[in-house]
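*Asks:* Throughout the sequence shown, residue numbering follows this note's numbering, covering 178 to 376 in sequence.
Each residue gets a CB set at the ideal place from its N, CA and C atoms; glycine is no exception.
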Amino acid sequence: MHPNPAFSTADDAAALAHVSEVAFAHLFVAENARMLVAHAPLLVVDGVLWFHLANSNAMTPLLPGRRALASVGGPGSYISPDWYENPANMVPTWNYRTTEIEGEVQALGRDALEALLVRAAATFEPRVGQGWTMDKMERRRAEAMMGAITGFSMTIDTVRHTDKASQNRSDADAKRLVAAFAAVGDGEGAAQIRRVRGW
């Protein structure tokens, strides 16, 4: 995470809202002298992270009872020094938003796994204007697919959040950056600056 406190927040609720919005994470766990990473969609419910992995994933048998780290990123935007009012002796940088979560992971039973998948569909289907549910599948096929994955819960005990959006720049520079992002078609970069400044 970024060491400058101007870009960090102690607002865990805002950080977890970001996680829920992105809903996709890089998951890390240490195994002896190596690090493993997996990629998974996720849900945050009542301070608990819920996700699933394929049984064939090398991380799956290692997770139960272990601590893991989930990293949720996005969006990110490149900044040219030439966009500043006084670009002399400035260097390129990036604005970005990311959240890291740590906690102990436990495997879910079959009923809890199915509940996770039902809730995931109910959460994400409306985002794309659809209404798919597991009831649309043959039960035998649904059971077979659930048998190929493992659900997990992570009890969250650590949250770190970076929201770097040019807070260390003047309002004049921030306005120039918003205009520059708009000119290159980076609406997210412009929106991020507007959000943190309340514009």
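Might you give, ordered along the chain, the residues of its own chain that have their beta carbon closer than 7 Å to the beta carbon of ARG374, omitting 5 neighbours on each side?
*Replies:* ALA351, listed in sequence order.
*Asks:* For PRO258, I'd like the list of residues in its chain whose CB is within less than 7 Å of its CB, leaving aside the five on either flank, ordered along the chain.
*Replies:* Taken in chain order, the residues that qualify are PRO264, MET267, VAL268, PRO269.
*Asks:* Is it true that the region 362-370 meets the region 314-332, where meeting means three or more beta-carbon pairs spaced less than 8 Å apart?
*Replies:* No, because fewer than three Cβ pairs between the region 362-370 and the region 314-332 fall closer than 8 Å, the two stretches do not touch.
*Asks:* Can you say whether HIS179 is buried or exposed, counting buried as having 16 or more other CB atoms within 10 angstroms of its CB?
*Replies:* By the neighbour-count rule (16 or more Cβ atoms within 10 Å), HIS179 is not buried but exposed.
*Asks:* When we look at the beta-carbon of ASN209 and count the other beta-carbons within 10 Å, is it buried (16 or more) or exposed?
*Replies:* That one is exposed.
*Asks:* Compare the C-alpha of LEU246 against each of ARG317, PRO252, ALA342, GLU281 and name the closest.
*Replies:* The option with the nearest alpha carbon to LEU246 is GLU281.
*Asks:* Using 8 Å for Cβ pairs, my map puts PHE228 next to ALA217. What's the rounded Cβ distance?
*Replies:* That pair is a contact at about 4 Å.
*Asks:* Between THR186 and ASP312, which are expected to be in contact by the criterion C-beta below 8 Å, what is the C-beta distance as a whole number of angstroms?
*Replies:* Not quite, the Cβ-Cβ distance comes to about 40 Å (not below 8 Å), so this is no contact.
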